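Residue numbers (my numbering): 666 to 1506.
Okay, structure first, notes after.
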């Protein structure tokens, strides 16, 4: 952690401690001088060597070495505080240089921050100075030091002084940095180390006696005393090694638990591709914010784990809600909100030693009190929850979601800044702004390493296997396909809507540049594009090919899927020479109705060999469920068409004609003409040649009428041998021209049994709105006029011997019915109400 991220109290303490250490060194250099340089330099050398064997302590980066013995030797052998201070300074400096440092995500040693060696050296200087001052204050001169009882008492005092100053200084730094209780840190990590300090002091005293005593026996006793001191040191080291092993084992268990939690969280989130690696990113954001705010170590651990498991309660939310692309309903949102308390209940059973459940329970609370589930406000929201909430919100803004596209980091930060004091804690937002450039480097590394199993930047939690995550995501995708196509009652409502949904879901889950649905025309044995989407759609619209041709035609013929084949098999037939179309690869699967193939869905891509078996299986799943819906829809459309189609002539029937006229008469500003046709003498032909031939005549007449009418004009069979043509025109002359074309066509028509026989027709015309405002009145007007012409025809036939060469009167068009006033026409009586009997059986 950098110095500026430390709490203010820790920064002040480190500054004061370093200043005091410099003051002590300056004071000693100014007031004292070395009396025995040879011994001093020997002790300096010992101080360097003594730092090599070390015993690690339980507190992070804390250790004990034999350098304490060298400091005690300096106190006992040399007068004044200057030699002790310099030896302690060198000992602290060498120990700092040799300390083991951690490594970053790329395996490089972490840089050594300046304040840690400064604090270590200052602490050694202060402890050495205090112990030396006590020794020199108690015993001025050399004679009294040789009294064994006095020396033992002095040894205990300088050991206690050095121990208290040294361990208290380190404990205070740790407590202030981690916002922990001072006495708890000292008691748990340093209380039991006093024996090691005392052992080092006794070892130094024995060495001094061997060096200064003139009595051989005393030297021998002092030398023999070195052995127990060494044994105590070794015993102490063995115990510390065991303690370190147990501590390391505990850390490994903690890491194992964290890995298990992380794996579970990532497995749950893998079901949604939109939140892929979400928990990893939220963990990094939250951890960086926690470090920036310098919260306590337990809270930092709670933030780290809470960030990973904040959405674990979503395991209790239906996937249809989690993956819904549109806006949630009020009931669905209430169900979604329940994931918070579900997650809390799951995690309560773990009994974390730090407030993980607070982080999870509060990650949807808002600073203004409008969040959920408890509606907490301001500082009442746990700080760990506020941190996780912001990290979660920022990642949600900067990643794609089903309901919107991702924002840039700058846009997301601007939005967060605007929501300070509303959704988020202002100081947490400010911390996020400060740490984002650094943490973004870590996020980018995570994104680049998606295909590798790697540890996170602190080496604590490795990521789950990408292959496993991919399989989980694939299973969720396939379930989503079934839900979208099978669990949507009443939707889609038409074949076009179904095919549009099919292409939409295919593009959502499978990479493609263009896509098309081909359907089989059983009459022509061709496949034709019914629906297409994506780039180059103009090359696919109405594309037709024979069954067996191209990619899609081959799939229909063979009734099996094919992947990573050249897209040119389909699209090349639409490409002009010199035109460049970058569609290279195709994936096509059949649409089946039972054992029969009714079409194919084909995806095209600009890349090569990108369609793996998973994509083929996913598209086949889409096709399988779409085929069932398509078959049912085709049957429904067929039934609907039959209900509006005359079975003999395949023309629209009376029901369809009436429905069409109802739509036209619903528009009071519209206008149209209808022609009502009746075949003359059809009953005689039907009775003479039989119903079979009569049916054929009706089919032939239906074809002739279709060919005589324009595309936009409706031609239908009204009843028996009567037909109706609806002209979408305001001009009565258009209906006159249609009638002329029909009569001209019938004049040349001959039927097979007797080619000398001819067919003629009587035609009545009516106009909307002149002849009526509803279909009944319009048809009635056309019917009356048609019968007048039919009576004229019958009169001519009855007097045919004397009227040879007399033309049959043409149909009077228009709203006028006063035929008697029109020159060249026979006066016709009103047509009686009737029902035509000239019809085919």
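Note that beta-carbon positions come from the ideal geometry of N, C-alpha and C, so glycine has one too.
Every value quoted in this text rests on a predicted model; they were computed, and no experiment measured them.
Asked: 7 Å CB neighbourhood of residue 1363 in its chain, flanking five on each side removed; Found: 1313, 1314, 1386 and 1505
Asked: Contact check, residue 1012 vs residue 977, beta carbons under 9 Å; Found: yes
Asked: Chain-order list of residues whose beta-carbon lies under 6 Å from that of residue 1229 (same chain, five-residue window excluded); Found: 1250, 1274 and 1276
Asked: CA-to-CA distance, residue 787 to residue 683, given in whole angstroms; Found: 5 Å
Asked: Contact set for residue 1218: own chain, Cβ-Cβ below 7 Å, skip 5 residues either direction; Found: 1192, 1210, 1211 and 1212
Asked: Residue 1188 in three-state terms, based on DSSP; Found: coil
Asked: Helix, strand or coil at residue 1375 according to DSSP, with G and I counted as helix; Found: coil
Asked: Opening and closing residue of the beta strand (DSSP E) in which residue 1270 lies; Found: 1261 to 1270
Asked: N-terminal and C-terminal residue of the alpha helix (DSSP H) that residue 1170 is part of; Found: 1160 to 1174
Asked: Top-ranked residue by Cα proximity to residue 1336, from 712, 1222, 1395 and 1015; Found: 1395
Asked: Opening and closing residue of the beta strand (DSSP E) in which residue 1046 lies; Found: Element bounds for residue 1046: n/a, residue is neither H nor E.
Asked: Simplified DSSP state of residue 1479, which is helix, strand or coil; Found: Confidence is the limiting factor: at residue 1479 the pLDDT is only 38, short of 50, which leaves the residue's position unreliable, though a coordinate-based value still follows. In the structure shown, residue 1479 sits in coil (DSSP, three-state: anything other than H, G, I, E or B).
Asked: Paired residues, beta bridge with residue 1341 - DSSP; Found: 1389 and 1429
Asked: Which residues DSSP lists as bridging residue 1382, in chain order; Found: 1388
Asked: CB-CB length for residue 761 against residue 782, believed under 8 Å; Found: 4 Å
Asked: Validate contact between the region 1041 to 1056 and the region 992 to 1004 using beta carbons, cut 8 Å, 3 pairs; Found: no
Asked: One or two residues paired with residue 1197 in a DSSP bridge; Found: 1181
Asked: Range covered by the beta strand (DSSP E) that runs through residue 1227; Found: 1227 to 1231
Asked: Short Cβ contact (9 Å threshold) for residue 1033 with residue 1055; Found: no
Asked: Secondary structure of residue 1102, DSSP reduced to three states; Found: helix
Asked: Residue range of the alpha helix (DSSP H) that includes residue 1336; Found: Neither: residue 1336 is in no alpha helix (DSSP H) and is coded neither H nor E.
Asked: Three-state secondary structure (DSSP) of residue 1094; Found: helix
Asked: Sequence-distant residues of the same chain with beta carbon closer than 6 Å to residue 1264, five excluded per side; Found: 1183, 1184, 1185 and 1256
Asked: Same chain only: Cβ atoms within 7 Å of residue 676, ignoring 5 sequence neighbours per side; Found: 668
Asked: Assigned exposure category for residue 695 - 16 Cβ within 10 Å defines buried; Found: exposed
Asked: Of the residues 737, 1167 and 861, the one placed nearest residue 823, counting alpha carbons only; Found: 737
Asked: Nearest residue (CA-CA) to residue 1253, options 869, 1271, 1259 and 1288; Found: 1288
Asked: Status (buried if at least 16 other CB within 10 Å, exposed otherwise) for residue 1379; Found: buried
Asked: CA nearest to the CA of residue 817, picked from 1003, 847, 794 and 873; Found: 873
Asked: Neighbour-count burial assignment, residue 1245, 16 or more Cβ in a 10 Å radius; Found: exposed
Asked: For residue 978, the three-state DSSP class (helix, strand or coil); Found: helix
Asked: First and last residue of the uninterrupted beta strand (DSSP E) at residue 1255; Found: 1250 to 1258
Asked: CA-to-CA distance, residue 863 to residue 870, given in whole angstroms; Found: 10 Å
Asked: Cα-Cα separation between residue 1180 and residue 1173, rounded to whole angstroms; Found: 12 Å
Asked: Residue environment, residue 1576, which counts as buried when at least 16 other CB atoms sit within 10 Å; Found: Nothing about residue 1576 can be reported from this structure: the residues present for the chain run from 666 to 1506 only.
Asked: The region 1407 to 1414 / the region 1349 to 1360 touching (three or more Cβ pairs under 8 Å); Found: no
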